[in-house]
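Here the sequence shown stands for residues 96 to 331, where the numbers follow the numbering used here.
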Amino acid sequence: MADTPKPDTEQERKPHHAGHRQRLRERFAKAGADGIADYELLELLLFRAIPRRDVKPLAKSLIDRFGSFGATIAADPTRLREVPSVTDTIVSEFKIVQAAALKLSQAKIMDRPALSSWAALIDYCNASMAYNDTEQFRILFLDRKNVLIADEIQQKGTIDHTPVYPREVVKRALELSASSFILVHNHPSGDPTPSQADIDMTRQIVDSAKPLGISVHDHLVIGKGAHVSFKTLGLI
96 MADTPKPDTE
106 QERKPHHAGH
116 RQRLRERFAK
126 AGADGIADYE
136 LLELLLFRAI
146 PRRDVKPLAK
156 SLIDRFGSFG
166 ATIAADPTRL
176 REVPSVTDTI
186 VSEFKIVQAA
196 ALKLSQAKIM
206 DRPALSSWAA
216 LIDYCNASMA
226 YNDTEQFRIL
236 FLDRKNVLIA
246 DEIQQKGTID
256 HTPVYPREVV
266 KRALELSASS
276 FILVHNHPSG
286 DPTPSQADID
296 MTRQIVDSAK
306 PLGISVHDHL
316 VIGKGAHVSF
326 KTLGLI
């Protein structure tokens, strides 16, 4: 009579990637995000969307495609779905994380003096605009104490152009009783160098706002991992 096979132990029944997941979670718990690679942080997110599969190859594929953890999370859903194995569930997880990150960044600057929390303001602009595939024109409205009272997207454009109307910008500042504002737009190319059109448009807005006692503190151009300040360049 043949021996009856012994049942596998619980450990033997676990797939190989289960141990990897546990070890990665433990490393993250001890060292935080700085202690793991971008693709590993992405793996931690993918664990939720894909509970029973090795997700390391997909995480590495996404980083190779988009360049970094931040760029992957902020990527357009259509581009994300072009990557094999990326499902709507995965896209949803990424967008939830992106929205949470933006809320946290925004909380650090809203209702606070913008000029004294400049680093946080730059972080927020980078998080919200640096990885957009199209240009976006944002205005940060300030009161007489330079406290940020409103953050609004004025226009969305194409890959290299956003139509901006100075009269509409000034009109909105008056509606909010803003004393000043900061202009912000992104360059999807990644190069934040202002174009001549950017310079001309900024001068038109400054000239339209000045007679009404409204000042333009700065115009920030956001690239990928870099930004340019018109004030620093002497353009305002």
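Each residue gets a CB set at the ideal place from its N, CA and C atoms; glycine is no exception. In this text, all values refer to a predicted model and were calculated from it rather than measured experimentally.
Uninterrupted alpha helix (DSSP H) stretches at least 4 residues long and entirely within the stretch 199 to 270 occur at 213 to 224 and 261 to 270, given in chain order. Residues A144 of the same chain have their beta carbon placed closer than 6 Å to that of I185, with the five preceding and five following residues left out of the count. In the structure shown, L315 falls within a strand segment according to DSSP collapsed to helix, strand and coil. Partner residues in the beta bridge of H280, as assigned by DSSP, are F232 and V316. Counting C-beta pairs with one atom in each stretch, the stretch 312 to 328 and the stretch 265 to 278 have three or more that are closer than 8 Å, which means they touch. Restricting attention to alpha helix (DSSP H) runs no shorter than 4 residues, the stretch 168 to 197 encloses them at 172 to 176, ordered along the chain.
Just so you know, the alpha carbons of K266 and E230 end up roughly 22 Å apart. Put simply, the backbone Cα of D171 is about 14 Å away from that of V192. In the three-state DSSP reduction, V150 falls in the coil class, being neither helix nor strand. Under the DSSP definition of a beta bridge, H322 partners with I317.
About 5 Å separates the Cβ atoms of D246 and L235, confirming a contact at the 8 Å cut-off.
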